[in-house]
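Okay, so here's the structure we're looking at.
In the working numbering, the protein residues as written are 144 to 335.
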């Protein structure tokens, strides 16, 4: 399927993606299971769409839910890889960098000084480890003075504003962090 649209190598990158590997462990399945289920689902779809006869072996609810969860993990892995490819083209600019990190709580909350003019829900937190590898996480919550907000705009460039940002993936305090505007990323994805 993916070789037909020119991205056959994407599975190699998806297989290495941390959240995809975690999903395989959580679901107690293998990569091979997902690939064979994709083929089986495609075959089932074709039988239903192109014949008047039904399928004799209907999947039970447990199997169907496991397949749906694995498909969700695969789609999220593909999304993460494609976003990473776009980010490599857009990044990394110093004006997007979080200069002062105070702490990381529960591996997904970054407490920091806001060093960019604005931030909003749906923007992305990009973390870079020491090896130059990037990981992108959607910002799902922003807190200022213990109040949840949808966006923050600094009154002036020199304003010191401490915020807490909760993101969708695990992060480490030792990483470098960048804020990527969702509109900037969206424009790059459209170009891709």
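By construction, the Cβ of each residue, glycine as well, lies at the ideal position given by its N, Cα and C atoms. Quick caveat, the model's predicted, so the values are computed rather than measured.
For a cut-off of 8 Å, the C-beta gap from residue 259 to residue 322 is around 5 Å, short enough to register as a contact.
From the listed residues 248, 295 and 270, the smallest Cα separation to residue 318 is found for 270. Contiguous beta strand (DSSP E) elements confined to the segment 274-306 occur at 277-287, 290-292 and 294-296, taking only those with 3 or more residues. In this structure, DSSP gives residue 257 a state outside helix and strand, which the three-state scheme calls coil.
Residue nearest to residue 264 within the set 158, 308 and 304 is 308 (criterion: CA-CA distance). Per DSSP, the continuous beta strand (DSSP E) segment holding residue 271 begins and ends at 267-271. In this structure, residue 267 lies near residue 282, with their beta-carbon atoms less than 9 Å apart. Here residue 255 is buried: its Cβ has 16 or more other Cβ atoms, across all protein chains shown, within 10 Å.
When C-alpha distances from residue 219 are compared across 296, 326 and 312, the shortest belongs to 312. Taking the Cβ atoms as the reference, residue 314 lies roughly 6 Å from residue 247, within the contact range of under 8 Å. Distances from the alpha-carbon of residue 217 to those of 303, 171, 297 and 177 put 177 closest. Bounds of the beta strand (DSSP E) holding residue 245 are 243-248.
In this structure, DSSP gives residue 172 a state outside helix and strand, which the three-state scheme calls coil. Taking the C-beta atoms as reference points, residue 241 is found no nearer than 9 Å to residue 225.
Under the DSSP assignment, residue 153 falls in the alpha helix (DSSP H) whose first and last residues are 153-159. Each residue's CA atom was taken as its position, placing residue 163 and residue 320 some 22 Å apart.
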